[in-house]
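Accompanying notes for the structure given below.
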Amino acid sequence: MISLSFLQPAVTEQASLSITINKVESQKGNLIVALFNNEERFLEEDFLNQQISVAGKNEFTVTFNNIPKGKYAVSIIHDENENGVLDTNFVGIPTESFGFSNNKMGRFGPPSFEDCGIELNDHQEIVIDLRKML
52 MISLSFLQPA VTEQASLSIT INKVESQKGN LIVALFNNEE RFLEEDFLNQ QISVAGKNEF
112 TVTFNNIPKG KYAVSIIHDE NENGVLDTNF VGIPTESFGF SNNKMGRFGP PSFEDCGIEL
172 NDHQEIVIDL RKML
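The opening position of the sequence shown corresponds to residue 52 in the numbering used here, with each subsequent residue numbered one higher.
Listed below in structure tokens is the structure:
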């Protein structure tokens, strides 16, 4: 008997990630929640993202479902003026709130993918506290 199992598409095991976002201080704009799965493209090209309005609340939960198991990092910006980017002052210090998975902060710039990395094997829940530098 000959097996034809190689003709069946490979099934990728799926995971999900729920992110509770705390310390949303302003009721203006949107939260941009970006999920990254590539260390070299971290903060440049996201795997998935969601935008949610912050009107009327200061805590949010965002869930990414049916994503392949693996290593991911999350970044969040509170885009108060809805221009789609994290605004900075003339020396590059963020003027809008932001946060990263594992609540990591970089010393002189953003943290690394390795510092923010979380291994997804099933359903996982994390909490990210937003921070504002100025």
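We put the beta carbon where it would ideally sit given N, CA and C, even for glycine.
In this text the structure is predicted, and so the values were computed from the model without any measurement.
Return the chain-ordered list of same chain residues with a C-beta closer than 6 Å to the C-beta of residue i, the five sequence neighbours on each side being excluded.
{"i": "Asn109", "result": "Val75"}
{"i": "Phe164", "result": "Glu90, Phe93, Ala124"}
In terms of residue numbering, what span does the alpha helix (DSSP H) encompassing residue i cover?
{"i": "Phe151", "result": "Segment 149-151 is the beta strand (DSSP E) holding Phe151; no alpha helix (DSSP H) there."}
{"i": "Phe98", "result": "Unbroken run through Phe98: none, as it is neither H nor E."}
{"i": "Asp166", "result": "164-167"}
I'd like the list of long-range same chain contacts for residue i, defined as Cβ closer than 8 Å, with 5 residues on each side in sequence excluded.
{"i": "Thr71", "result": "Glu110, Phe111, Thr112, Glu176, Ile177, Val178, Ile179"}
{"i": "Arg182", "result": "Lys74, Ser148, Phe149, Gly150, Met156"}
{"i": "His174", "result": "Ala66, Ser67, Leu68, Ser69"}
{"i": "Ile169", "result": "Leu68, Lys122, Tyr123, Ala124, Val125, Ser152, Asn153, Gln175, Ile177"}
Between residue i and residue j, what straight-line distance do the alpha-carbon atoms span, to the nearest angstrom?
{"i": "Thr114", "j": "Ile127", "result": "13 Å"}
{"i": "Thr146", "j": "Asp138", "result": "6 Å"}
{"i": "Lys120", "j": "Arg158", "result": "30 Å"}
{"i": "Asp166", "j": "Val136", "result": "22 Å"}
{"i": "Glu88", "j": "Ile118", "result": "According to the sequence provided, residue 88 is Asn. The question's Glu does not apply to it. Their Cα atoms are separated by approximately 10 Å."}
{"i": "Asn100", "j": "Asn134", "result": "15 Å"}
{"i": "Gln78", "j": "Val105", "result": "5 Å"}
{"i": "Asn116", "j": "Leu171", "result": "11 Å"}
{"i": "Val142", "j": "Gln102", "result": "27 Å"}
Check each candidate in the options and name the one with the smallest Cα separation from residue i.
{"i": "Glu152", "options": "Asn73, Asn140, Ile103, Ala66", "result": "Here residue 152 is Ser; the residue named in the question, Glu, does not match the sequence. Answer by Cα proximity: Asn73."}
How far does the beta strand (DSSP E) with residue i in it reach, from first residue to last?
{"i": "Glu176", "result": "174-180"}
{"i": "Gln65", "result": "65-73"}
{"i": "Asp138", "result": "That residue, Asp138, is in no beta strand (DSSP E); it is neither H nor E in DSSP."}
For residue i, which residues in the same chain have their Cβ closer than 7 Å to its Cβ, ignoring the five residues on either side in sequence?
{"i": "Asp130", "result": "Gly80, Asn81, Ile83, Glu147"}
{"i": "Ile144", "result": "Met184, Leu185"}
{"i": "Pro162", "result": "Phe151, Lys155, Met156"}
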